[in-house]
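Under numbering that gives the first Met the number 0, the first residue of the sequence shown carries the number 0, and numbering increases by one thereafter.
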Amino acid sequence: MCLVFFGSKSMFKTTSPFVRGLCSTPFGTININEKFSLFEKQWTPHIIGELNGQYVKLCKLKDEFVWHKHDNEDELFLVFKGTLYMDFKDAESIEIKEGEMFIVPKGVEHRPRTNGEVVLNMLFEPKNTKHTGNKKYSFSAENQKWI
Ligand code: NI
């Protein structure tokens, strides 16, 4: 399926068949700071791009998330602002500073956490990756929104 965002401000308007309809992401630059300003809800990924079967997502994180794992997907955390901590059941916690990234291997139970600050994080995930991995909660975001 291919969505084309005609009329979007950031959309480069073209009639070229080589551009139109080939990609779900609007054809234009995406300002990440601007996208982060569009939502406040924490621990809820918002989609800003799509490529090669993957979504690029933004998420605001604060305090502790739940323990979970993803049986089939490695999970990338790229910290855009703040410091994120990743807890593991069988290993020392990892500190991921602004401008750093960390990949949680598939099958590894993990719990993202912050020290009270709101951390801005970017994720790259296969489209079918579940928000809370193998566990389902009332806050699990099933249909994540494009912004
Ligand atoms: Ni995860």
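Glycine included, C-beta positions come from ideal geometry on N, C-alpha and C. On a predicted model such as this, the values are computed, not experimentally measured, just so you know.
The ligand NI heavy atoms versus the CB of Gly-132: any closer than 7 Å? yes
Which of helix, strand or coil DSSP assigns to Gln-143: coil
Check whether Ile-223 and Gly-48 have beta carbons under 8 Å apart: Because residue 223 is not part of the residues shown, which for the chain are 0 to 146, the question remains open.
Taking 7 Å as the cut-off, does the CB of His-45 come closer than this to any heavy atom belonging to the ligand NI? no
Mind checking whether Lys-148 and Ile-146 have CB atoms under 8 Å apart? No information on residue 148 is available, as it lies outside the stretch 0 to 146 that the chain covers here.
State the Cα-Cα distance for the pair His-109 and Met-100, rounded to the nearest angstrom. 15 Å
For Val-103, verify whether its CB is less than 7 Å away from any heavy atom of the ligand NI. yes
Is Glu-124 helix, strand or coil by DSSP? strand
Measure the beta-carbon distance from Lys-59 to Leu-119 and round it to whole angstroms, keeping in mind my assumption that it falls under 8 Å. 6 Å
From Thr-131, Gln-143, Lys-129, Pro-125, pick the residue whose C-alpha is nearest to that of Gln-53; which is it? Pro-125
Ser-74 CB to nearest heavy atom of the ligand NI below 7 Å: Checking the sequence shown, residue 74 turns out to be Glu, not Ser. Yes, the ligand NI has a heavy atom inside 7 Å of this Cβ.
Taking 8 Å as the cut-off, decide whether the C-beta atoms of Thr-128 and Glu-72 are in contact. yes
For Ile-102, report the span of its beta strand (DSSP E) as first-last. 100 to 103
Nearest to Gly-153 (by Cα), restricted to the options Pro-111, Gly-115, Glu-116: Nothing can be reported for residue 153, as the shown portion of the chain is limited to 0 through 146.
From the DSSP output, in three-state form, read off Glu-152 for me. This structure cannot settle anything about residue 152, because the visible part of the chain is limited to 0 through 146.
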